[in-house]
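Trainee:
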Ligand SMILES: [Zn+2]
Ligand SMILES: [Zn+2]
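Numbering (our numbering), first residue to last: 1 to 134.
(1) To the nearest whole angstrom, what separates the beta carbons of residue 85 and residue 77, a pair I think is in contact under 8 Å?
(2) Cβ of residue 72 versus every heavy atom of ligand 2: is any distance shorter than 8 Å?
(3) Between which two residues does the beta strand (DSSP E) harbouring residue 96 extend?
(4) Using the three-state DSSP reduction, which class does residue 9 fall into: helix, strand or coil?
(5) Relative to the C-alpha of residue 20, which candidate in 56, 42, 12, 6 has its C-alpha closest?
(6) What are the partner residues of residue 65, as DSSP defines its beta bridges?
(7) What would DSSP say about residue 115, mapped onto helix, strand or coil?
(8) Near residue 114, which residues of its chain fall below 7 Å by C-beta distance, leaving aside the five closest residues on each side in sequence?
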């Protein structure tokens, strides 16, 4: 699937081809803290198809529990988290944050990972008062 995406302020724009079957929700504690939210949703980019169209992402190198390092790209102006990728000069293995994609409604997660640290209320917000806007 071809996708287009951008950060909240619009400075960074990109496109890529992704595999919808790879869409996943990650419940690891790093995602909870980095995102300031309950979980992150990612989709894997087909190798060599990520293309930065405008802007210059800042990078944070995150070291996982396994010792594995990933380069997290984000907008230095609006702080939108855009992707994680391999740590090298020409990053590969991009995983895009689904919320940044124009096609996000068409990319439901097919897997949930790191469920051992999932917040207990993640699947239980049905009791919350709902409204269409605020
Ligand atoms: Zn931005
Ligand atoms: Zn995670």
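The beta-carbon is built from N, C-alpha and C at its ideal position, and this holds for glycine as well. None of these values were measured; they are calculated from a predicted model.
Mentor: Walking through what the data contain:
(1) As a position in the chain shown, residue 85 is number 85, starting the count at 1. As a position in the chain shown, residue 77 is number 77, starting the count at 1. With a Cβ gap of about 20 Å, residue 85 and residue 77 do not count as contacting.
(2) Counting from one through the chain shown, the residue named residue 72 turns up at place 72. No, since every heavy atom of ligand 2 falls outside the 8 Å radius drawn around the Cβ of residue 72.
(3) By one-based count along the chain shown, residue 96 stands at place 96. Note, residue 96: beta strand (DSSP E), 95-97.
(4) Working through the chain shown from its first residue, we reach residue 9 at position 9. Correct three-state label for residue 9: coil.
(5) Counting from one through the chain shown, the residue named residue 20 turns up at place 20. Ranking 56, 42, 12, 6 by Cα distance to residue 20 puts 42 first.
(6) Along the chain shown, one-based indexing puts residue 65 at 65. In DSSP, residue 65 forms no bridge with anything.
(7) The residue you call residue 115 lines up with position 115 of the chain shown. Of the three classes helix, strand and coil, the one that applies to residue 115 here is helix, per DSSP.
(8) What you label residue 114 is simply residue 114 of the chain shown in a count that begins at 1. If we look at residue 114 and ignore the five residues flanking it on each side, its Cβ neighbours are 26, 27, 28.
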